[in-house]
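Notes follow the structure.
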Amino acid sequence: MSAWIDTGLTAFFDLIKPGARMLSVALAYPMDWTKALLQHTPWPLLVALVTALGWYVGGVRLAVLGFLGLSFVVASGYWVESMNTLSLVAVSVPLALLLGGATGILANEVPRVKSAVQTIMDVMQTVPTFAYLTPLLLLFGFGPVVGLIASAIYAAPPMARNVMLGLERIETDIKEAAIMSGGNRVQQLFLIEIPSAGTQIMVGVNQSLMAALSMVIIAAVIGGFNDIGWEVLLTMRKAQFGAALLAGLVIVAFAIVIDRISAGMARQQQRHSRQGALAIIAAGALAAVLAWLYLPAAGQLKLLVPVADWLDGRLTVFVRANGAALDSIKNTAMFYGLLPLRIGLDGAVLPFTWGFLWAGWMSAALFAASAAIGGVIALQGRVAAGLSMPILAGIIETGIAELPWPFVLIGAGAIGFVAGGRRLALFSVLMLTAVLLSGLWEKALWSLYLSGAAVLTCAIFGGAIGLICALSPLAWRVVQPICDMLQTIPLFVFLIPVLMFFQIGEFSAFLAIILYAIVPMIRYTRHGLVSTPPDLIEAAISSGATTWQTMWEVRAPYAAPTILLGLNQTILYAFAMLVIAALIGTTGLGQSIFLALGQADIGLGITSGAAMAILALVADRLVQGFAAERRRALGL
Amino acid sequence: MTDIAPPDQPAIRCRNVWQVFGIGAAKSLPGAMDHAGGDVKHAAQILRDDGLVPAVQDVSFDVKRGELFVIMGLSGSGKSTILRCISRLIEVTAGQIEIDGEDILTASKARMTQLRRCKLGMVFQHFGLFPHMSVLQNVAFPLKMQGQGRAERLERAQEVINLVGLKGREAAYPRELSGGQRQRVGIARSLAVNPDVWFLDEPFSALDPLIRRQLQDEFIDIQARLRKSIIFITHDIAEALKIADRIAIMRDGQIVQIGTPSQIVLEPADDYVRDFTRDVAKGRHARLSSVLHPVDPDAPPAPDDPGLTVDMTLDEALNACMLLYEPVPVRGRDGQIAGMIDPADLANALQVDP
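These protein sequence lines are chains E and H, in that order.
For reference, each letter of the first sequence is one residue, going 24 to 659 in the numbering used here.
For reference, each letter of the second sequence is one residue, going 29 to 382 in the numbering used here.
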């Protein structure tokens, strides 16, 4: 199948290639200009500009943040690389904003376009980021322009989404007042509606910026540009983790500064004095003149390199000293958790690790027990839950990666039916059949297994952390900034710390996915539990319920739809990270996407990207279906 | 167009207006009317059975020039919908609407924009202020749409801002204002182009009672000076009785009664209207003209003349002839005797319904 797609698309791409190449050349100009501009601006001036912007938008707090963030970049010695990355972002974001904004406005004006746009954006959200790159590589050739275009495309949907949402949410009174003032449609839109939706649109700008940054970093895998993402990849490959961490932290610093300042712009509040901002810029200009005379260029400053080297040394010492402990963590998780999930108890339980061999009678006992438990549950009236018990036993027995395809199709159909009726069941089965026919079934199951294991872990630990945070505001005050940071960091950077301790391999990938995907689970669980209406809690307390009874009997059921949405987000995050994690050694679809990228094999790239998207989409719809069903049951 | 209009032509004329929400409403309506044999209630029921929502059913009324016409009803009665039909914020399903003799339902989009720029003003329940503009910019916006120059429109905007008592707050943004101040901005903005026809959609409903009363009084003052043709929507019967020249009471999409405040209070058309006016102190709203008897030419001249006039409220009249038992004369504005009234009847009319 991927071969057919390859032939068909190559012919099509050959047709439009000249146009694409022209665009590619055209886009190279603004990129080079921005690059030259950023490279030749004295760094003290740039630091001052960012600090001034921070001051203007958010006062002392953001000014300090901007100053420290950029100073860190200067001190790291990665100034030149950072400016290259920044120039990519600076060109791709306006493109993305234009593209997204125009799409959002069009969808708002023409109702028929709206649902189409929404569907496309839903799909785009589930398509793994790397899958964008392969076809673009073919069209635009290797080089930084591909990264530019990929990030412009990737960053457009959040903008479009927020523009649509913002325009939709304007009060009717305001829209009608614009009409009654005698404005024509264009005047209504540009003089009233878009400015009125300003806050929401700025949220879109913020999300768009973050998406573009993340994509620009990811696009570094195709190389050709001396940017900071490439630096991370290079040092990581050379196992220079100190340097990789340093470069990674530069990315984090950028991400946090850009995020906080643009989020500050989205908030409607009094701006701080212009004079202050101007004074900061003037100070920067003065420093720039002085720097001209006395200080070295930013690229030569390598204040933190000794720190990185030292860290590298310490790390080697630490890993050598604790190698046994780290290995045992890894092996325990692998042998008793991941492996049974992958190849099932019948394959994973060996005398070598578990101390005994899985025998036929054990399987029989497992199935009998699950059937008994399932029967009891079904008799209590929860038929669906009862039926799922033997299915679970079957999965544990065979392992996800070795499930027979009829079992998966029927299982998905059944879950779809329970979650959302006939249509959802049909959708799930058809989608998975497409994966089956693509010839990537085994790899898809591998991906399913790894993300499934990660999601399960995230659900358990993330749910627990969310619960604790709901009960204790103190815990939330500790966890919240960590969550904020984890969500701001571009995906790529997650690989560094896990690699430092656990080397290349499946377990590292598993950990990296968890690190990234656990955040929504924590957030939504807490939010769901905390936002139970106070009168419900008061009613429970006055009925004599204890804190825990209130939690289980009232708050948890009320929060269920929200928690399910969190689980949904976690699944999508896990799939997104899965492809990135393939960089450090997993098999499965992520690996195929990389292979395709390396060989510019567009058929394989698109089929594996599509297969990945389908898995994510089906999981997304199933969980959404359950969430919607719960919400209906609660009358929300 | 306005300058050659006959003097007795109504400012707004609605005939058999229907607003039915739902898909294919325009097609279903004639069929439903045929089927019901022209009976509006029956036709509405047929439409409802088809899953459509007949929000306004066969509504007809005239608003005279300079008249303050109040449409009163509970939420869901269709009162805001009919206003949106007349301002053509929504497209009418069937019927005729004229403003100053001009059929606005067939008017082109460009003509509607023109009308809104020059002739119509509207005030909204939740103010509808543009959050990114200052008070001055908000008020000047309709003038900007007219294409007026900057200096000119800011001067005019300042004028109306002074009129609504917001002088000194021109540079403020809507978020910095109280609810009452916001609605003053809304009123100022709707008056900026000096419209002939003024629509007010529950303008005071979102305000607290004290501010509401204050704004009502100022509104009456402004109207006394400007004499606009007004449609004013409210759900508050006391507000309607206080400000209206005439009131239309709506229920479930139909008009149940149209009349002056006195007529509404003293001669409610049905139990629904009676229910509304039950708690209203009639003496304060009904005027003597509504309870007058004609002069009996054979009767002897009245022994007492406490100086009643037709414009007095019942309360004032009763105070003046509290101790009298014989019928007393009531004089018109010209000083001639317009009719007689028996003090006992006066007391009866004031009785609150059981």
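From the three backbone atoms N, C-alpha and C, an ideal C-beta is built for every residue, glycine too.
Within the 8 Å Cβ cut-off, does residue i reach chain E?
i	result
H/M29	Here the model assigns H/M29 a pLDDT of 42, short of 50, so the residue's position is not dependable and the matter cannot be decided.
H/S115	yes
H/G50	no
H/P382	For H/P382, the predicted model reports a pLDDT of 46, less than 50, meaning its position is unreliable; a value from the coordinates is still stated below. Not an interface residue.
H/P231	no
H/P371	no
H/M173	yes
H/M368	no
Quick one: list the residues of chain E neighbouring residue i, beta-carbon separation under 8 Å, in chain order.
i	result
H/Q385	What is shown of chain H runs 29 to 382, which leaves residue 385 of chain H out entirely.
H/R279	Those do not exist, as H/R279 stays about 24 Å from chain E at its closest Cβ, beyond 8 Å.
Check the Cβ of residue i against every Cβ in chain H and list those closer than 7 Å, keeping chain order.
i	result
E/D37	Chain H residues near E/D37: none, gap ~47 Å exceeds 7 Å.
E/I28	Within 7 Å Cβ-Cβ: nothing; E/I28 doesn't reach chain H, min ~41 Å.
Which stretch, first to last residue, makes up the alpha helix (DSSP H) that contains residue i?
i	result
E/W428	W428 to S461
H/F152	Counting along the chain, H/F152 falls outside any alpha helix (DSSP H), and DSSP gives it neither H nor E.
E/A408	V406 to T421
E/A387	G383 to L402
E/W469	W464 to L494
E/I202	T195 to M203
E/V251	Going by the sequence as given, residue 251 of chain E is Ile instead of Val. First-last of the alpha helix (DSSP H) with E/I251: I251 to R260.
E/I241	G221 to I241
H/S397	Since the first residue of chain H shown is 29 and the last is 382, residue 397 of chain H is not available in this structure.
H/M173	V163 to Q174
E/T339	V328 to A356
From which residue to which residue does the beta strand (DSSP E) around residue i run?
i	result
E/W102	Per DSSP, E/W102 belongs to no beta strand (DSSP E); it is in the alpha helix (DSSP H), W102 to E132.
H/I286	Q282 to G287
E/I279	Not the beta strand (DSSP E): E/I279 falls in the alpha helix (DSSP H), residues F264 to A289.
H/M278	R274 to R279
H/T262	S257 to T262
Should residue i be flagged as near chain H, meaning a C-beta pair shorter than 8 Å?
i	result
E/S631	no
E/D196	yes
E/E191	no
What residues of chain E sit near residue i, judged by a beta carbon separation below 7 Å?
i	result
H/P334	What H/P334 touches in chain E: nothing, since even the nearest Cβ is about 50 Å away.
H/Q176	Correct list: empty, because the minimum Cβ distance to chain E is about 12 Å.
Please compile the residues from chain E whose C-beta is within a distance smaller than 9 Å of the C-beta of residue i.
i	result
H/F169	A200, A201, S204, G206, L214 and I215
Beta strand (DSSP E) segments (min. 3 residues) lying fully within the region 85 to 149 of chain H: Counting whole runs of 3 or more residues, the region 85 to 149 of chain H contains the beta strand (DSSP E) stretches 96 to 100 and 122 to 127.
Sequence ranges, alpha helix (DSSP H) only - wholly within the region 508 to 532 of chain E, length at least 4: Taken in chain order, the unbroken stretches of alpha helix (DSSP H) that lie wholly in the region 508 to 532 of chain E and span 4 residues or more are 518 to 525.
Runs of beta strand (DSSP E) wholly within the region 48 to 81 of chain H (minimum 3 residues, chain order): DSSP runs (the beta strand (DSSP E)) wholly in the region 48 to 81 of chain H: none.
Positions along the region 137 to 150 of chain H whose CB lies within less than 7 Å of some CB in chain E: Answer set for the region 137 to 150 of chain H: T141, R144, R145, L148 and M150.
Near-chain E residues of the region 153 to 165 of chain H (beta-carbon distance less than 9 Å), N- to C-terminal order: Residues of the region 153 to 165 of chain H whose Cβ lies closer than 9 Å to any Cβ of chain E, in chain order: Q153, H154, F155, G156, L157, F158, P159, H160 and M161.
Interfacial residues, the region 126 to 138 of chain E to chain H, with Cβ spacing under 9 Å: Within the region 126 to 138 of chain E, no residue has a Cβ that lies closer than 9 Å to any Cβ of chain H.
The region 201 to 233 of chain E: positions lying closer than 7 Å to chain H by Cβ: The residues in question are I202, M203, S204, G205, G206, N207, Q210, I215, P218, S219 and G221.
Length-filtered (3 minimum) beta strand (DSSP E) runs lying within the region 343 to 367 of chain H: As far as the region 343 to 367 of chain H is concerned, its whole beta strand (DSSP E) runs of at least 3 residues are 356 to 359.
Every unbroken alpha helix (DSSP H) within the region 526 to 582 of chain E, with a cutoff of 4 residues, ordered by chain: Correct list: 529 to 553, 557 to 565 and 570 to 573.
Length at least 4, wholly inside the region 191 to 229 of chain H: the alpha helix (DSSP H) runs in chain order: If we require 4 residues or more, the alpha helix (DSSP H) runs fully inside the region 191 to 229 of chain H come out as 207 to 219.
Ranges of the alpha helix (DSSP H) found wholly within the region 131 to 195 of chain E, counting only runs of at least 4: Here the runs fully enclosed are 134 to 149, 152 to 163 and 167 to 191.
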